[in-house]
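*Asks:* In terms of this note's numbering, the sequence shown opens at residue 5 and continues consecutively. Questions regarding the structure given below will be posed in turn.
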Amino acid sequence: MRDAIARLPASKIREVANAAMGREDVLAFWFGESDEVTPEAVRRAAADSLLRGETFYSHNLGLPELRAGLAAYLSALHGPLDVQRIAVTSSGVNALMLSMQMLAGAGDEVVAVVPLWPNLTAQADIMGARVRRIALRPQQGRWLLDLDALREAVTARTRVLLLNAPNNPTGWTLSRHEQQDILAHCRRTGTWIVADEVYERIHFGPGAAAPSFLDIASDEDRLVVAHSFSKSFLMTGWRLGWLVLPRGHLDAVGKLIEFNTSCAPVFVQRGALAALDIAPDFVPSLVQHLRDCRDRLVAGLAALPGVEVASPAGGMYAFFRVPGQDDSLAFARQLVERHGLGLAPGVAFGTEAEGWLRWCFASRDPRRLDAGVQRLAAALAL
Ligand SMILES: Cc1ncc(COP(=O)(O)O)c(C=O)c1O
Numbered sequence: 005m006r007d008a009i010a011r012l013p014a015s016k017i018r019e020v021a022n023a024a025m026g027r028e029d030v031l032a033f034w035f036g037e038s039d040e041v042t043p044e045a046v047r048r049a050a051a052d053s054l055l056r057g058e059t060f061y062s063h064n065l066g067l068p069e070l071r072a073g074l075a076a077y078l079s080a081l082h083g084p085l086d087v088q089r090i091a092v093t094s095s096g097v098n099a100l101m102l103s104m105q106m107l108a109g110a111g112d113e114v115v116a117v118v119p120l121w122p123n124l125t126a127q128a129d130i131m132g133a134r135v136r137r138i139a140l141r142p143q144q145g146r147w148l149l150d151l152d153a154l155r156e157a158v159t160a161r162t163r164v165l166l167l168n169a170p171n172n173p174t175g176w177t178l179s180r181h182e183q184q185d186i187l188a189h190c191r192r193t194g195t196w197i198v199a200d201e202v203y204e205r206i207h208f209g210p211g212a213a214a215p216s217f218l219d220i221a222s223d224e225d226r227l228v229v230a231h232s233f234s235k236s237f238l239m240t241g242w243r244l245g246w247l248v249l250p251r252g253h254l255d256a257v258g259k260l261i262e263f264n265t266s267c268a269p270v271f272v273q274r275g276a277l278a279a280l281d282i283a284p285d286f287v288p289s290l291v292q293h294l295r296d297c298r299d300r301l302v303a304g305l306a307a308l309p310g311v312e313v314a315s316p317a318g319g320m321y322a323f324f325r326v327p328g329q330d331d332s333l334a335f336a337r338q339l340v341e342r343h344g345l346g347l348a349p350g351v352a353f354g355t356e357a358e359g360w361l362r363w364c365f366a367s368r369d370p371r372r373l374d375a376g377v378q379r380l381a382a383a384l385a386l
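What follows is the structure, given as structure tokens:
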């Protein structure tokens, strides 16, 4: 086996979850998904597709009508976007892996803004690239980017800049000014931007989406944007996402898709078409619900003496820390084993986030969040 694969770290979130395997009394907030099922219209469309017998391969790049639907969906959010820039992928994580396979080879430098969902840096490791980490810095619970440090780190030697905003786990969201600055810098250095924008709709600021590189980049910039149906449409188990590529890159990514998964399942793509149909009503109401969940959880955490937390601008996570609890993995294990509270340890997202905990607030019934806060209060013996 290649060394790079043998050395890949196991998931520390799973390590905590495994410690509570089979226990029904645990309130679990460790994974990045809601406990609410996919909307019925989406499930029905997929079931109908199966019953019609749509059980065959599709085009590598996805059903033409889904790609056209995605072009219309993105054009409404970010201005005109050509369908010739869109490839359907088998999940957001697959979209990101395809990007890495396309762009980063052995020895190439990849700069990643961290803390970060560990899959992104693991993908660069799998390709044999060298990952350089640039840390966001916490200030009263809010995580901020040091633009000067980023500009210094990204040089003509940097092949790929990896960014995820709104960010999992911190909720950090790029401002338009930061995006413009980063894009201008990467144009100068010739660096590709891989922007993970899977949480763009889970955004609590003005507008229908968080600031996106698609708003400001030209169709020839070295920019790849990865997306997913998982978060905005409650479709985590469906494994469907998409990529937005610069003009002229579709054939290359089509070949890569052929050698990875060949195509996404047709019935899943039919479900996705139904998701795009309901998007204008569904997504805003989901975001409103998540806003209520966020406000409730953050207020509950902030009321616990000593807990450091800020209200995230985007994403579905409260990221917080308890003074004196510097080993997040040990603390998360203790919380689940003794108090039945399932959270993700910050260190799962990098040593930069050691001492922090991530709590997914996407909960169908927000009272679950209150019950969780009570368990945390009990654990802190308040
Ligand atoms: C930052 C980030 N990117 C990408 C993904 C991938 O989502 P999926 O593979 O479910 O489409 C996730 C899922 O948690 C995520 O948190």
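Backbone N, C-alpha and C fix where the C-beta goes; we use that ideal spot for every residue, glycine too. For clarity, every value in this text was computed on a predicted model and none was experimentally measured.
Is it true that the CB of Trp-360 sits closer than 8 angstroms to the CB of Ser-332?
*Replies:* In contact: Ser-332 and Trp-360 (Cβ atoms closer than 8 angstroms).
*Asks:* In angstroms, rounded to a whole number, what distance separates the CA positions of Ala-126 and Leu-12?
*Replies:* C-alpha separation (whole angstroms): 7 angstroms.
*Asks:* Starting from Asn-168 and walking both ways along the beta strand (DSSP E), at which residues does that stretch end?
*Replies:* Taken as a continuous stretch (DSSP letters only), the beta strand (DSSP E) holding Asn-168 covers 162-168.
*Asks:* Using only the alpha-carbon positions, how far apart do Asn-171 and Gly-318 sit?
*Replies:* Spanning the two alpha carbons is a distance of roughly 7 angstroms.
*Asks:* What residues are listed by DSSP as bridge partners for Arg-146?
*Replies:* DSSP lists Gln-143 as partners of Arg-146.
*Asks:* Cutting at 6 angstroms between CB atoms, please list the residues of its own chain near Ser-62, excluding the five before and the five after it.
*Replies:* Cys-267, Val-270.
*Asks:* Classify Asn-22 as buried or exposed, calling it buried when 16 or more other Cβ atoms lie within 10 Å of its own Cβ.
*Replies:* Asn-22 is exposed by the Cβ-count criterion.
*Asks:* Between the alpha carbons of Ala-24 and Gly-310, how many angstroms are there, rounded?
*Replies:* Spanning the two alpha carbons is a distance of roughly 27 angstroms.
*Asks:* Round the Cβ separation of Val-92 and Arg-71 to the nearest angstrom and send it over; I've been treating them as touching at under 8 angstroms.
*Replies:* Correct: roughly 6 angstroms between the Cβ atoms.
*Asks:* Among all the DSSP beta bridges, which residues are the ones paired with Ala-199?
*Replies:* Answer is Leu-167, Val-229.
*Asks:* Quickly, what does DSSP pair His-207 with across the bridge? List them, please.
*Replies:* Beta-bridge pairing links His-207 to Gly-318.
*Asks:* Using the three-state DSSP reduction, which class does Thr-177 fall into: helix, strand or coil?
*Replies:* If DSSP states are grouped into helix, strand and coil, Thr-177 belongs with coil.
*Asks:* If I'm right that Arg-191 touches Ser-236 with Cβ under 8 angstroms, what's the distance once you round it to whole angstroms?
*Replies:* Incorrect: roughly 29 angstroms between the Cβ atoms, too far for contact.
*Asks:* Between the Cα of Gln-183 and those of Ile-138, Arg-161, Leu-218, spot the shortest distance and give me the residue it belongs to.
*Replies:* For Gln-183, the nearest C-alpha among the options comes from Leu-218.
*Asks:* Pull up the distance between the alpha-carbon of Pro-250 and that of Leu-294, whole angstroms please.
*Replies:* Rounded to the nearest angstrom, the two C-alpha atoms are 32 angstroms apart.
*Asks:* Output needed for Phe-388: all residues of its chain with C-beta closer than 7 angstroms, excluding positions within five of it in sequence on either side, in chain order.
*Replies:* Because the chain spans 5 through 386 in this model, residue 388 falls outside it and cannot be assessed.
*Asks:* Quick check: is any heavy atom of ligand 1 less than 7 angstroms from the C-beta of Thr-240?
*Replies:* Yes - ligand 1 has a heavy atom lying nearer than 7 angstroms to the Cβ of Thr-240.
*Asks:* Asn-64 and Gly-258 - do their beta-carbons sit closer together than 8 angstroms?
*Replies:* Contact flag set, yes.
*Asks:* Which parts of the stretch 242-289 are runs of the beta strand (DSSP E), unbroken and 3 residues or longer, counting only runs that do not cross its ends?
*Replies:* Counting only runs of 3 or more, we get 245-248.
*Asks:* What I want to know is whether the C-beta of Gly-318 ends up closer than 7 angstroms to one or more non-hydrogen atoms of ligand 1.
*Replies:* Flag unset: Cβ of Gly-318 not near ligand 1.
*Asks:* Excluding five sequence neighbours on each side, which residues of the same chain lie with their C-beta closer than 7 angstroms to the C-beta of Ala-276?
*Replies:* Around Ala-276: Leu-70, Phe-233, Leu-244.
*Asks:* Do you know offhand how far Glu-356's Cα is from Ile-9's?
*Replies:* Approximately 23 angstroms between the Cα atoms of the pair.
*Asks:* So does Val-164 have its beta carbon nearer than 7 angstroms to some heavy atom of ligand 1?
*Replies:* No, ligand 1 has no heavy atom inside 7 angstroms of this Cβ.
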